[in-house]
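Okay, so here's the structure we're looking at.
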Amino acid sequence: MAVSLSSTGSARLLGALIRAGSLCSSSGSRGLHVTAVCCKNRAARIRVGKGDKPLTYEQALHPHHIGHRKGWLSQHTTTALLVQEARFHEEFTLFQFSNLKGEEGAAERTIEDVFIRKFMFGTFHGCLANEIVIKRRGNLLIVCALMLQQLPPMKFYFLIGYTESILSHFYKCPVKLEIQTLQEKAVYKYL
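Going by the numbering used here, the sequence shown wraps up at 191, each residue one higher than the last.
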């Protein structure tokens, strides 16, 4: 029996059911099983609106256009994975590309990529103009990003050095940031 615990009325109902014994199993012990809601009815694309929502090139194209009209956001040799990330009440779909299936460490690299994206978003808060592209070349980790010019150049230089040194120390490999700055966000189209 699934009962929502979002309101006090539901909590009272649940308490009454427990006291009445309707949640008792055949062995005489009481138990309540609660599972998380998993909404799987969402497509990995931006919803059509009134025409006032600006979209970048990555957001405007659907996931099935990857490899034809748009590129991969992570390039390394792990299995192809799809990761949903929520940011500012919008869902972004991160696709990771591979050419070797069954390679060991695929899950670890996916977690590393998600951590790098969240670390970059937190370090350069409000300055990211587009999605981050992560490239792995041997032992070298390259993070490419487009930034908005909202900070003074000296602060950008400090944050770039800070990010490179922290990620290099954390992952025990050289990390290089390739940053380009823009005056304003490039709008591809409006939805």
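Where a beta carbon is used, it is the ideal one built from N, C-alpha and C, also for glycine.
Does the Cβ of residue i have 16 or more other Cβ atoms within 10 Å, making it buried, or fewer, making it exposed?
i, result
"L100", "Low per-residue confidence applies at L100: pLDDT is 45, beneath 50, and the placement is therefore not dependable enough to give any value."
"C127", "buried"
"I134", "buried"
"D52", "exposed"
"F170", "exposed"
"R137", "exposed"
"A203", "Since the first residue of the chain shown is 1 and the last is 191, residue 203 is not available in this structure."
"F158", "exposed"
"N130", "buried"
"L140", "exposed"
"A106", "buried"
Does the beta-carbon distance from residue i to residue j come in below 8 Å?
i, j, result
"I179", "M154", "no"
"K189", "L55", "yes"
"I111", "M120", "no"
"Q149", "L182", "yes"
"I46", "L191", "yes"
"V143", "I160", "no"
Counting along the chain, where does the alpha helix (DSSP H) carrying residue i start and finish?
i, result
"T163", "P153 to Y171"
"I116", "A106 to T123"
For the beta strand (DSSP E) containing residue i, list its first residue and its last residue.
i, result
"V143", "L140 to L148"
"V133", "V133 to R137"
Consult DSSP for residue i and reduce its assignment to one of helix, strand or coil.
i, result
"Q183", "coil"
"P54", "strand"
Could you check how far apart the C-beta atoms of residue i and residue j are, in whole angstroms? I think they sit under 8 Å.
i, j, result
"K258", "E164", "Because the chain spans 1 through 191 in this model, residue 258 falls outside it and cannot be assessed."
Using a Cβ-Cβ distance cut-off of 8 Å, determine whether residue i contacts chain B.
i, result
"R109", "This model lacks chain B altogether; it includes just one protein chain."
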